[in-house]
Amino acid sequence: MEGTILAPGASALSFVRLASYAIGDTHPPLHAITTLHLNGWARHYIMPDQLTRLLVSVPRLVNLSFDQFFINHPCDSTVPPQAVTLPYLRQLRLSGVLSSPTHLFALIDAPGLDEIWLSQIHYFELAPLPSVRHLTLDECLIDAADVARLARATPNVVALTAVTMASEISKGLLTEDPPAAAVGRPWPALRTLEMLGMDVMGASDLCYLAGMATEASFWLKERVEVQQSGSRERWPLGLGYHDPHYEAV
Numbered sequence: 003m004e005g006t007i008l009a010p011g012a013s014a015l016s017f018v019r020l021a022s023y024a025i026g027d028t029h030p031p032l033h034a035i036t037t038l039h040l041n042g043w044a045r046h047y048i049m050p051d052q053l054t055r056l057l058v059s060v061p062r063l064v065n066l067s068f069d070q071f072f073i074n075h076p077c078d079s080t081v082p083p084q085a086v087t088l089p090y091l092r093q094l095r096l097s098g099v100l101s102s103p104t105h106l107f108a109l110i111d112a113p114g115l116d117e118i119w120l121s122q123i124h125y126f127e128l129a130p131l132p133s134v135r136h137l138t139l140d141e142c143l144i145d146a147a148d149v150a151r152l153a154r155a156t157p158n159v160v161a162l163t164a165v166t167m168a169s170e171i172s173k174g175l176l177t178e179d180p181p182a183a184a185v186g187r188p189w190p191a192l193r194t195l196e197m198l199g200m201d202v203m204g205a206s207d208l209c210y211l212a213g214m215a216t217e218a219s220f221w222l223k224e225r226v227e228v229q230q231s232g233s234r235e236r237w238p239l240g241l242g243y244h245d246p247h248y249e250a251v
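Each residue of the sequence shown is one higher than the one before, starting from 3 at the first, in the working numbering.
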């Protein structure tokens, strides 16, 4: 079945959550949608052209979320996919994307993208994203090399949040020779570092990072201000990743 539900109405609809075979097959009017959440549950893959057709129909999109997605390679790998321009997109969430995020970013042209949220992601080969200023990493499998790759892709990040990843991020931010490595250090514009869900080892690594930076008199300058946090508002409208109706089944 293909088509549009609620075609005669729903003119004020601004948030839509699509899952399974509803993605690309049948959905409400999307021209006024500003927040779109796509869940790949029961639909284990999607072709690039299917996704681009869907994104083209959402020209006013501000917040976009993908959960449990696998983007298939195009049949002809010599023809690069055509990216969809989303001029209003500000926030992008990727959770448990089964293929490399590179395939998703190749389909999206978002010149005003400000925030990226990566959850349970294990591949970090990203194209340059100079507009991104806020980055959240949630339970990602990451090492120092991945931190370096992410930093090169998002050089202008000013706020970094890491969930249960304090050790990995702290080690990735360390530079062996501070005076010589200052120019090439990860995220030189970073002003806010938020660590959530730290264990004892994570706290120790973070303290070591702060101490090294303080002694070197660069980046963190002369002192580090520590604040209690953890009350950060969830992604738009307080909506989580998971569909409560599906969880109740």
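Glycine included, every Cβ here is placed at the ideal spot set by N, Cα and C.
| field | Proximal residues to residue 119 (C-beta, below 6 angstroms), its chain only, five neighbours per side dropped | value | 95 and 138
| Reference residue 194; option with closest CA among 164, 169, 108 and 203 | 164
| Nearest-angstrom Cα distance between residue 125 and residue 212? | Distance between the alpha carbons of residue 125 and residue 212 is about 27 angstroms.
| query | In the DSSP assignment, what are the bridge partners of residue 121? | reply | According to DSSP, residue 121 shares a beta bridge with 97 and 140.
| Which residue's Cα is closest to the Cα of residue 97: 121, 111, 116 and 87? | 121
| task | In angstroms with no decimal places, state the Cα-to-Cα distance between residue 91 and residue 175. | result | 29 angstroms
| query | Between the C-alpha atoms of residue 58 and residue 203, what's the straight-line distance to the nearest angstrom? | reply | Distance between the alpha carbons of residue 58 and residue 203 is about 46 angstroms.
| Considering only residues of the same chain and omitting the five flanking positions on each side of residue 42, which have a CB-CB separation below 6 angstroms? | 70 and 71
| said: Please classify residue 207 as buried or exposed, where buried requires at least 16 other C-beta atoms within 10 Å of its C-beta. | reply: buried
| message | For residue 49, which residues in the same chain have their Cβ closer than 6 angstroms to its Cβ, ignoring the five residues on either side in sequence? | response | 74
| Based on Cα-Cα distance, which residue from 112, 144, 143 and 145 lies nearest to residue 129? | 112
| said: For residue 192 and residue 107, what's the separation of their Cα atoms in angstroms? | reply: 23 angstroms
| task | Counting only the same chain and skipping the five closest in sequence on each side, list residues whose C-beta sits under 7 angstroms from that of residue 60. | result | 32, 35 and 38
| task | Determine the direct distance from the alpha carbon of residue 18 to that of residue 172, and round the result to whole angstroms. | result | 37 angstroms
| Taking residue 166 as the reference, which of 22, 68, 142 and 84 has the closest Cα? | The shortest C-alpha separation from residue 166 is found at 142.
| field | Three-state secondary structure (DSSP) of residue 203 | value | helix
| query | For residue 52, which option in 168, 85 and 80 has the closest C-alpha, if you only look at C-alpha atoms? | reply | 85
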